[in-house]
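This report concerns only the one structure given below.
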Amino acid sequence: MSSLGWPSKTAVVIVGAASLCCTLIGFRSGARAADWRTVTAPLAVGGHYYEPASASSNSNAIQISTTEPGTIRFNARRGENSRWDQKEGSPVDRAELTGWAQPNPLGADVWISYAQRILPGDPITSRWCVIGQMHATTQAGDRGSSPPFALHLLPGNIFEISTRYVAAAHHTENPDETIRYSGPIERGRWYNHVFRLRFGYKGDAILQWWRDGVLMLDLADFSMGFNDPVGAYWQFGIYRNTSPEDLTIEYRNVEVSQAPLSSRIASPLRAENARP
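Note that the working numbering numbers the sequence shown so that position 21 is 120, with each residue one more than the last.
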């Protein structure tokens, strides 16, 4: 491992650097293929290390813009998923970046800030579609399970937030889901999100969410997260049960920090100030 906790001897693309700056800020029908660069190798986003989790056959699964700093585009297509999904035979579609190398411990605040836009397209038909998650670090003896914190896009353009928790040291069943928010969103529009999360399975969790500067959720004294020695990590993009429609989502200026990002609530990070 490198001093940053990144795997050594790995070429890393820097998102936000002038030479490789990233996407279209507004949806433009005249966008050219040259406006985008395909992501096939690990890259740095907001100072964090991420690896692509997508199908090698889908050359457009994850792209960074060559015209706007800090923007990443995810394109999900039916039957296109990662090598791990293929190994398990999972009927899913996946185009994500995973930050597995930077877990966040229980009891510590983690802040997440970004802008997100779901591009216009065919109606959503997926039974479930995750468009951002804190992914649990699987421990020996645990079964794979749904994330303790997840953002969903559902039919009818419904945005949903869910949480799960397990107090036992090992979980052998997928824990129950609790819906914390559900409401409509507009496709083609940028939304600025800031989350403050604190994972705890003893009724000591915190979940705060601001959208476009407005406090949407303010929860405390509940349980969220798993009883694991290694905490959850941020993973974003598109992960859904396999569905016929193509889906494109853009993220801009993604930041994850254990230091407060409360300044982003009123003043979202501007593209020209995006951190590599």
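Don't be surprised by glycine CBs; every beta carbon is placed ideally from N, CA and C.
Burial of E150 is indicated by the presence of at least 16 other C-beta atoms within 10 angstroms of its C-beta. Remark: C-beta atoms of N340 and S225 approach each other more closely than 8 angstroms. Secondary structure at S281: strand, using DSSP grouped into helix, strand and coil. According to the DSSP assignment, S356 belongs to the beta strand (DSSP E) that extends over L346 to S356. Straight-line spacing of the CA atoms in Q232 and F335 works out to 6 angstroms.
Looking at the DSSP output, D317 bridges to Q307.
Around Y280, the same chain offers F258, E259, I260, W308, M315 and L316 as residues with beta carbons nearer than 8 angstroms, after the five sequence neighbours per side are excluded. Residue V138 holds the alpha-carbon nearest to the alpha-carbon of I161 among Y148, V138 and L142. For the pair I337 and Y300, the Cα-to-Cα distance works out to about 27 angstroms.
Between the stretch 344-359 and the stretch 138-148, the count of Cβ pairs shorter than 8 angstroms is three or higher; the stretches touch.
Across the structure, G302 and G324 are spaced so that their CA atoms are roughly 10 angstroms apart. Cβ atoms of N326 and R286 stay farther apart than 8 angstroms, at about 38 angstroms. Taking the C-beta atoms as reference points, G330 is found no nearer than 8 angstroms to P246.
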